[in-house]
Structure formats: C-alpha cells, structure tokens
Amino acid sequence: MVNAFAYVPAIVLLPFFSFLVALGAGRYLPKGGAFGGIAATAGSFLLSVWVAATVAGGRAYDETLYYWASEGGAGIGPTDIELTFGVLIDPLSALMLVIVTLVALLVHVFSLGYMNDEGETGLPRYYAGLGLFTASMLGFVVADNLLMAFMFFELVGLCSYLLIGFHFREPGPPSAAKKAFLVTRFGDYFFLVGVVAVFATFGTAQFAGPESFPALADAALNGSGSVAWTPGGLDLGTWLTVVGLLVLGGVVGKSAQFPLHTWLPDAMEGPTPVSALIHAATMVAAGVYLVARMYGFYVLTPTTMAVIAFVGGFTALFAATMGVVKDELKQVLAYSTISQYGYMMLALGAGGYVAAVFHLTTHAFFKALLFLGAGSVIIAMHHNEDMWDMGGLKSKMPVTYYTFLAGSLALAGIFPFAGFWSKDEILYEALVHGLNDPLLLGGYLMGLLAVPVTAFYTFRMVFLTFHGEPRSDTARDPESVRWNVKGPLTVLGSLAVVTGLINMVPVQKVLGLEGIDLLHRWLDNEWGGIEGLSSHHYADIGPYSSAYLVGGEVGTVLVGAAVSLGLALLGLGLAWRLYNVPSPTEHTAKLGGIKDVLYNNYYLDELQVWLAYRTEDVAGGANTFDQGIIDGVVNGVSSVSLTGGGRIRKLQSGVVSQYAALLTFGLVALLLVLGATGGWFL
Amino acid sequence: MILEALMAAAFVGALTVFLAPDEWAGRLAFAISLIPFVGSLYLWSGFEAGGNALLGGEIAYATQIEWLEVGGRSVSWFVGLDGISLPLFVLTTFLVPLAILSAWTPVDARQSQFYGLMLFMEANLLGVFAALDFFLWFVFWEAVLVPMYFLIGIWGGPRRKYAAIKFFVYTNAASLLMFIGFMSLVFALGDSVSSFALPEIAQAIAAGDLGTWFGIPPDRVAMVAFLAMFLGFAVKVPIVPFHTWLPDAHVQAPTPASVLLAGVLLKMGTYALLRFNFTMLPEQASMLAIPIAAIAVISVIYGAMLALAQKDLKRIVAYSSVSSMGYVILGLVVFTEYGIGGATFQMVAHGLISGLMFMAVGVIYNATHTRMVGDMAGMADRMPVTVGILVAGAFGYMGLPLMAGFAGEFFIFVGSLSAPALPYAPVFTALAMFGIVIVAGYLLSAMQSTLFGPFELETDYEVGPAAFHDVAPLAVLLVAIIVLGVAPDIFFEMIRDAAVPVVEGVTIDG
Amino acid sequence: MTAVAASIPPSWYLLLASAVFCIGLFGVLTRRSALYFLMSVELMMNAANINFVAFALYYGDLTGQVFALFVIALAAAEVAIGIGIILVLYRNFGTTDVTVPAEMRW
C-alpha cells in the first residue's frame, strides 16, 4: 500500500501551486484561475480524506522534513536547537485537514457564483489569495512544531490582509484589512515572544513525542526532568504560566477573543466567500486549533486554563449581546463567530478538549453554510446587506432558505442539529468541572447566558431576511443564483444537520449505548495516534476534577441539556414574537441607552482608535524632539563652528601691519611664557 | 587573487564608465557590475573556510603582500573572506547591478559620472568587507564616503548640499574618533604586534598582550578604545542619538544612492562593530552590555515611533532602518551564537529588504514626482505590479515569516531572550520585539493611504505602469528575499561558523 | 681698531642691535607707507647683522661675517622685489599706504 503520509506535503503544496498559477497566469486562464483552485483544493481534500482514513487505520505520523536553520555547534546561550519544518499527522490534525480542505473547496466553488458571475475584476488576484490562504492554513494545521505553526499563522494573517482588502479601490476594505492585520499582529507579538521563550526554556518546540515541549514541561513539573532555562527568580510553574499566556496572546488575536476581537466585524469588508473561509476554517479557527494542538502544555498550568475559560465565556456572552442590534446580515454573523469561538475557548479552558474540537468541527460547517447562504442572499439583493431591506426571501430562494435555516438552527443550538450537540457538550464540561472551581463556573454561567441571546439574534436574522413581506424592490425581485451557489449550500446544509452524529455523548450516557461517541474515541487515539496527544492523557495531567448535580452523571447531562435547550428555545420564541410578523419593526429602541452601547460595540473600537491616535501623538512628539533637540544639537554643533569660524576669521584683516603686530605680540607672549616656565626670570 | 580581480574590475569599470558617453553609460555600467556579481557567486560556491578570520580561523581567498612600514609596523595588502564577510560581499555585488538598473529612469544628467561613481563606490565597499589590514581597511572605509558625497551632492533633491555635507562631516568626524580608539589599542599592544593586520591584533589582544600606555593601565586603554570605536561606528550604523544624518541623506539622495546607502553603507557600521568592538574587546562589550542593549532597544522603539510620525515615504523607510539596526545591535551585544549570527544575517536581510523598499518608492516617485503620503492615493490602481512588490517588501520589513527579515529577527530573538551575557535579557528582548507591532502600524498606514483607496494624484500627465527595467530589479530582490527566508541556511551556516569563535571569546560569570 | 672693537663687551653690541631692531620693529608696526616699511625692515636686518659681526669678532669665527654678507646680498634682492611690489601696489591702488589694500582677508 502506498503511504498516504508521504503525500501530506502535497496537501499543502497543491493550493500553493494554484496560488502561483493564478498569480502568474490567471489572466490567461478561464474564470481567472478558479478551476486551478478548485482542482487543487479538491485534490487536497481527497488526499486529506485518504490521510484521515490512514489514521483511522491505526497509524500516525510525525516527521521532520526540512531543516530551516541547521543545528548549531558549540556556543553560549541556546544551542543545539533545531529550527525545522515537519509534519504531524494525528487524529486532531487529520480531522482539521478534512474540514479545512472541504470548506476551502466549497468556498472555491461558491466563488464561481459570487465573484465570477458577478463580474468582479481582479479575479486572478482573488484566486491567488484564496490559494495562498488555504495553503497557509493547511501548513499551520500539519505543523509539527511551534515555530512552523507561528510562521504559517503569520502567513494566514497576511492572506487575510490581502483578501479583506481585495476591493482596494474603495476606502473601506484597505482600512479593514489594515485593522485586521494590526490587531492580530498585536496578539502575535505575544505569541512570538512565547515561541522564543519556548525555545529558550525547552530547546525544542516540537508538539509531539517524548522530547516535545509539553512532555518536557510535564516532566519538569513532576520533578523527573528539568528545563534548560528559566528567567532569573521565576519558579517553573509561574514561568510556564507566563509562556502559556504569551502564546495565548496570538490565539486571542486570531480567534478574535476579547479584547482583540474588534478586527473581525470590520473584516466583513472582504468578499463574502472570504469571510466564510476566514470564519469557518482558516484564520479564526487557527487560534483555537493552536490551543488544542498544544493542549498538553496548557493543561499543566491551571491559571492559564482558567484565563482561557473565563475569556472564552466572557467573549461568548459579550459578542452575542452585540449581535442583537446589528442591521447587516454579515455583521450579525461576524459577532456570532466571535461568540462561538468564545465557546470553544471556554471548552478548552474547562478541560473539554473533545468538546472544543467537536464545536470547531460543527461550527466550521454551519458557519461556512451561514456565510455562503448570506452570500447567496447578497447576490440576490444586489449587494445590499441591510436586513431591513430584505424580507420574504423564503419563497423566492428556497434552497438558500432551507439550508440557511439548518445552519441557524445549528447555531442557535436547537435539538437535533449539529450545534446543539457540540454546544451542549461544552456547557456540560464547563459545568462538571466548574462545580469545583468558581472562576470556571463563572465562565459556564456566561456561556449559558449567551445561549438565549444567540438563539434570539440568529432567528431575528432569519426572520428579518426570509420571513414577512419584502421591504424593498430588490427583495421583491431578487436575482437568482446558480448551481455553483446552491451546490455548496446543499452540501454544508446536510453537514449542519448530521455532523452532531459523530459525537453522541449525551445519548451514550443517558441510554448507555456504547460506541457512538466517535469523536471521543477518535481523539483518544482509539484507532491510531501519537502517544501523549490523546484526550485521556490531557485529562490525566489536567487540573480538573468532576462534580455532578443531582442525579449523578446522567442527571447532570439531562439537566444541563434541558436548561440550555430551554434557554435556546426561549430566545427563539422571543425572536418569533418580535420579528416573525409581516412587517417587523425595530424593537431595539426598547433597550434605551444600552442600544447605543451595543450598537457601538461597547465603544471598544473607539478606545482602540483613541489608543492609536495617542500613539501617533507620542510619535509626533518624538519627531519634534528628534528634529528639535537631537538634530538641533547636531546642527547646533555645526552652526557653533560656523559662527565661531566667522568670528575668528576677522583676525585675517588683510592689513599687513596688523599681521606684523600680531606676529610680534605672539612672539613676545611666547617668550614670556617660555621664560616663566623655563625659569629665565629667576 | 580573485578578490583583487573583482575589486579591480569594479575600479577599472568605474574609470571606463567615466570616459564613456552618457547615452550608454548606464548599460555599460550594468554590464560591468555583473562581473563582480558573477565572480562573487563563484567565490561563494567555492567557499569552504570555517571559523572567524580574526580569531585564527581559515581565511578564504587570502592574499597578504607587504606594502609599507609605518612606525615600525608593517602595512600589507591583506584581503580575504570568512563566514561573516562573504555574505556581505555577495550582498554588495548583488545590490550594485540592481541599483544601477534602478538609476536608468531617474538619472538624466551626467550619466557617465553617476555610474562611474557607483562602480567606484562598489570597489571600495568590496574593499571594506574584504580588507584584513587596518590601514587598508581604513583607506577603503574613508574612500566610500567620497562617491556617496558626490552622488548625494550632485544628483540629490533640493537640499542635497546640506544633506551631503552633513553626511560627510558627521561620518568623517566619527571615523576620526574610531581611528584614535583603534590606534590607542595598537600602541598599547607595543612590540607584541609587528603589523596592522587585524587577525594579529585581535589575537594579541585576546592573548592579553595589551600593555600600559603612557601610564594608563591596559583595562582603561581597552575601555577608552572600545568607547571611541563604538561611538565612531554608532554614527555609521546609525544608533540613536547619532542617527539624524540618515533621514536627511536618504531623502535627498537619488534612489540608487539610497539603495546602496541603506543596503550596504549602514552595514559597514555594524560589520565594523562586530569586527572591532565585539570581536576584539569582548570583555569591555560585556561590561557595557546593559547600556548598549538599552540604546539598542531605544533605537528600535524610538526609530519606529519616528517612522510613524513621517509623511515622506523615504523618510519612513529611513527611520525604519534605524529601528532595524537596533535589532542588529541587540543581537551583537548578547554574545550568543544565534544573537551574533542572527545580527549578521539581519544585516544581509535588511540590506535586501530596505534596498527593495527604497527602490520601489523610487519607482513610484518616478511616476508621481511626490513621495508625500497625503499627495497621492490608490497607486495600486495604476501601477499594480510595482505596488504588489512594494506590499510584499513591506511585509518583509514587518518580519513576515518565510522572508529574510523574519529569519534574521527570529535568530536574534532566540539568541537574546536567554542570553547569559546580558542581565535582564528577557526584558530587553521583549521590549525590542514590540518593534514588530509598530513597524506593521506605520507601514500599513502608509500603504493604506498611498497605495489603496480611490486613485488620486494631481498631474498633467497619465500615470501608468513602470518600465520593465524598473520593475525587474524589484522582482529579483523580492525573489532573493523569499529564497533567503525559506532557506536561511545558505548564509546562516557559514555565518554561524564565523560567529561561534566570537562568542567563545567572552567569559560569563555564573 | 680690532683691539678696541674686541675690548667692548658683547653685551653692548647686543644692546645696540636690540635698539636698532626695536626701532625697525616700531617702524613696521606704526608706519603706513610701504617705503618706510621697507626701510624699517632694512633696519631690523642690520640689527641682525650687527649681532653676527659682533659674535664673529668675539669668537674669532668668520662664519658670522659670511652670514652678514649673505644678509646684505639678501637685503639688496629684497629691496629689488620690495620696490617692485610697491610699484605694483601704487599702480593698483594709487597709494603706497599698506593698510589700504586689504583684499586678502576672509
């Protein structure tokens, strides 16, 4: 049998080649190079499935492929560290490969309808960007060490810049692109410090194996090993917490967690398929995936875990409240993304490794679905995104409506759609671990509070868009969409319905059926995997213990599910009451002053803009200081010598008698001095 | 003798171009400048030396011929390369043809003199990196200033005279200080050295042969010499607060001169710092580690803040050079293999990237005749390829992975975070690293307002894409930057060979 | 004659020479006419000559006398050039006042 793992680099390189082709020859190709991208992502998808199947066949793969900078010789400071590129294929990365390539493939197909059919210009650039974006994300997914992960993490950021700013001739997109890169770069600064710190501390940044940094950290904390370096005065536990938080900075930036989430709503300036890619499978997912990837390191430091959980829970609630008042379709989805990634972070922080990966998977599908559905609506509405101009689209575009509805039900967490299962598991994990840990319980409560809010804004969106009477001419006569839009929607719509089946933990627990928690077993290396990268291992070394409400495990499962489903239905019902009417009106005014706060995103953008301006003021001050004082001193020296010279040269009067007099006096003075020091007068 | 042949090719080429008619001086100069480039590739391919040339390592392509006798010490024609100088040598021969190409469009007067001076400068730059005798080195070091003075003073912008004189006087005064510092070392060595050969001097100092000079104890002499040389080179690098000549020189200089100024001339300063201060006097360097690291960090942050405040694209890039050079200083002072190796690598990487940036800004200037941020917008609409490469170069400047800048910066950071020779190394490193955020801030802002948005520029002519010979050097540079970022080992391995002996020269307590 | 000259102590000659020199110097510093200038310079040279001759006599060494002859020859040459300069000066500035032509200043 041919080894699938030998083709892993091809998974990354195929989209990269499509990038090169689209960039170099896109304008000579039909559809601006779209087919190259489709072929490449399709190839990557097939290879990824093959790789996943091979992992299911009981194998895993961790191989260094390329020495970026060779191993050092002797010396002082960090030596013998290997800066390498490698491939790590375990259940987690195999799963992520499939998700990313599938979503990327569908986004490419959808782009045919969204970009080509709409007569956009600059398509080669667009497809080049998509190709590079996919390639960077795939490179990040298969990375076997933190340095390589960081490098592709940054490339993902670059691609988001290029694609968000795709419509560079308009004023908005370049600004949004700048903000996206800058805000995530701020997070990446901490990440980079963290990467360097990992190298300095452990001498390696490998994710897997006995010589990997999580394993070394575990050993050092157990006292059965030691680390190469800790900064003076810090004990190991504190230092590892610091390192974990530093790396977390990058995660908070890319996964749009509070307080670095502000770039994401602005990023809606990019073309809609790009938003789908960013939100579902690439950039935003990268942050959460990174935490999952090095989970073995994070579980060692309880403080970091608590911070992750709390930030996640807070973000989930915080972003959901802002989604409630938005008027534009994509804006609502943007805030829902932030909120959902908050859930994943909550899960990770609460020790729910599998739950987080589960939600990452289901979210990838239903959020891609929602964005592509929104894209379809936007095509139909001639690029008007204001929901108050829509309405009644249900009958005009049934495929879009029913798939979008499936995605919305999943997002709102309604039984039995995919999102219900994953969100429920997250809340369950947070609850059972949080009963012993107040901070975690706080995260859980915020996550729980976000549930009805999520259901409310989701269905507010659905009802405003599809239900009621059309509220504009375009809504009365929308443009029709073709197969290349409907196809991806159908695929994702079915996935949004059924993906929950991969992990039926509550059913298993309640009914006692064995073996239907596929994802748990998958991530627990039941079929194949790498020692030390399994969910059991993480649970073993993790800081949490479980506690249950009345009725033990089963009771807690049932109560938790009932509460969250009830809350979701509550939110849905409220949205139904308020907005599922022929001509809905804005009810946000009832919120009073809170509405302004929510509408302006808690003024956090203003705060960041204010900070940016203050930085510019400081820069201006520095410039004045530089020009005035520092350069002033330089010019001062020159003008002192110039004026000094100007004065002294007056001696050169041109009058011979004066020269003679000077000569004489000079000689006399010299004689006197020599005489005085030479003792002639004594 | 091949080193001499390459330098002679540039020198004779300079004379030839001086005498050539203006019409084809540019093409002739480009053709001639390819000779040193091809030659240096040959040197590179055959390079096998290991170790540091100054500390007893092998010296590749060495020639040593007695030349003069000064004060009882012999001066010789002594040239050769090691792992530190070869990358810079190749950088020079690579940048000069591209800079000459970038001059074809903007330089429209006295071409033969212009290109002659460019080649003359190349000959001297090669001499600086190859020379291993102090006197020889100093002659080249000073001779570099002369063509640059004329390039700025004749073909420069409106305030060219001010800028040229400031550049010349400032750096020349600094050279004097440096010369005094080095000479005091030589005199303090007394009879233990018989020549001005740098390896002999470096090894004599390492062997502890520094003696008392005019009643001043050896430690004191070494410290004074270190400070004098450091200040001298600091102007050249430039390190805050000795940097103010740089923006003026860059803004006034014609594009090709800016390219060489940022790409190679600044590296002379850091190269000399490495060769003289940090290789010869490691004890003093580690005694002064904290202040040096502090000014390195200040250079990074302060330079970046200044760049943030600028409105002229060239000034932005000029100040960001100050910032980047701060990283190099940080890498040098930490005395680790990755730190010093990374600093050297960063010299090459920054040479390529800043060369690219100045060239791209120059190409845009050719079309717009303005460099001010507020005067133009949406240039991407009219010059897509140029802008594309400029954006790529800007991301390279921001330290995007898989481009050369990231490799250099990352090596430096890895080397410096846990450096035992520098107290509070993590603090200094983390502060310096914040530069990567500010650099992204000012470059992205500048790009947003000049390159993107609706096209805006008041001209009485149509602004169109740049000529092929303008864009080609940009593309070549970009490819080089990416190649070096993907495979830094092509230089880093030899650099590291040469950096390790330097690191071993310092002793660390604890 | 020689005996009389030799019997005078050298300090007298030195005083005489100093006096002559100072008169010449005073002339150079105070006179404005180029001709007076030239004459004052002659005085100063002759003061030097007196010293040469006096010491030649005192030590019985002819070198001093040879030097004095040289100086006289030099003075003659100098006067020739000096007068030439004064003529050119007069032609260009219409005066022999040395303070007027101050062209060669800053």
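Quick mapping for you: the protein sequence lines, in order, are chains A, B and C.
Our numbering applies: residue 1 is where the first sequence begins, and numbers increase by one.
Our numbering applies: residue 683 is where the second sequence begins, and numbers increase by one.
Our numbering applies: residue 1193 is where the third sequence begins, and numbers increase by one.
Glycine residues also receive a C-beta, built at the ideal position from the N, C-alpha and C atoms.
Because the structure is a prediction, the values reported are computed rather than measured.
The Cβ atoms of A/T41 and A/L105 lie closer than 8 Å to each other. Contact annotation for A/V634 against chain B: K848, Y852, T926 and W927 [CB-CB distance below 8 Å, chain order].
Against chain B, the beta carbon of A/M151 has neighbours under 7 Å at P1083 and L1084, listed in chain order. Shortest Cα-Cα distance from A/Y114 to any of A/G313, A/V183, A/V377 and A/L23 involves A/V377. Contact fails between the region 829–843 of chain B and the region 719–734 of chain B, because fewer than three Cβ pairs, one in each stretch, are under 8 Å apart. Taking 8 Å as the cut-off, the beta carbon of A/D389 is found closer than this to the beta carbon of A/A475.
Under the Cβ distance rule, B/A1112 counts among the residues neighbouring chain A, one pair being separated by less than 8 Å.
Neighbours of A/G666 in chain B, taken as residues whose beta carbon is under 7 Å from its own, are absent, since the nearest beta carbon is some 28 Å off.
Using beta-carbon distances, A/R649 does not count as an interface residue toward chain B, since no partner is under 8 Å.
When the Cα atoms are used, A/Q652 and C/L1221 turn out to be separated by approximately 16 Å. Contact check between the region 355–363 of chain A and the region 624–633 of chain A: fewer than three CB pairs, one atom from each, fall below 8 Å, which does not count as touching. Within chain C, no residue has its CB atom less than 9 Å from the CB of A/G644, the nearest being about 13 Å off. Using beta-carbon distances, C/E1295 counts as an interface residue toward chain A, with a partner under 8 Å. The region 126–142 of chain A makes no contact with the region 189–203 of chain A: fewer than 3 CB pairs, one atom from each, lie closer than 8 Å. Collapsing the DSSP output to three states places B/T926 in coil. A direct Cα-Cα distance of roughly 51 Å separates A/T403 from B/V999. Residue-level contact check: A/V196 touches chain B, since one or more beta carbons of chain B fall below 8 Å from its beta carbon.
Shown here for B/G1123: same chain residues with a beta carbon closer than 7 Å to its own, the five before and five after excluded, namely L990 in chain order. Membership of C/R1223 in any beta strand (DSSP E) is not indicated, and neither H nor E is assigned to it by DSSP.
Within chain C, the residues A1294, E1295, M1296 and R1297 have their CB atoms less than 7 Å from the CB of A/G654, given in chain order.
Excluding its 5 nearest sequence neighbours in each direction, B/L963 has C-beta neighbours in its own chain below 6 Å: A904 and F908, listed in chain order. Neighbours of A/P231 in chain B, taken as residues whose beta carbon is under 7 Å from its own, are P1108 in chain order. When the five nearest sequence neighbours on each side are left out, the beta carbons in the same chain lying within less than 6 Å of the beta carbon of B/F693 are those of A805, in order along the chain. The beta carbon of C/F1213 sits closer than 8 Å to those of L1235, M1236, A1239 and A1240, all from its chain and outside the five residues before and after it, given in chain order.
In this structure, B/I1120 is the residue among B/L995, B/F849, B/L685 and B/I1120 with its C-alpha nearest to the C-alpha of B/S1005. Look at B/Q793 here: in three-state DSSP terms it is helix.
B/A879 is positioned such that its CB atom lies no closer than 8 Å to that of B/L942. Collapsing the DSSP output to three states places B/A1049 in a helix. In this structure the region 792–809 of chain B touches the region 689–704 of chain B; the number of beta carbon pairs closer than 8 Å is three or more. If you look at A/A562, you'll find it in the alpha helix (DSSP H) that goes G552 to Y579.
The C-beta of B/N854 has fewer than 16 other C-beta atoms within 10 Å across all chains shown, which makes the residue exposed. Annotation for B/Y743: the continuous beta strand (DSSP E) segment containing it runs A742 to V752. If you look at C/I1275, you'll find it in the alpha helix (DSSP H) that goes T1255 to F1285. Within its own chain, the residues whose Cβ lies closer than 8 Å to the Cβ of A/V597, once the five positions on either side in sequence are excluded, are Y603, listed in chain order. Around the beta carbon of A/W229, a 10 Å sphere encloses 16 or more other beta carbons of the protein chains shown; the residue is thus reported as buried. Here A/A135 really is in contact with A/P15; their C-beta atoms are around 4 Å apart, less than 8 Å.
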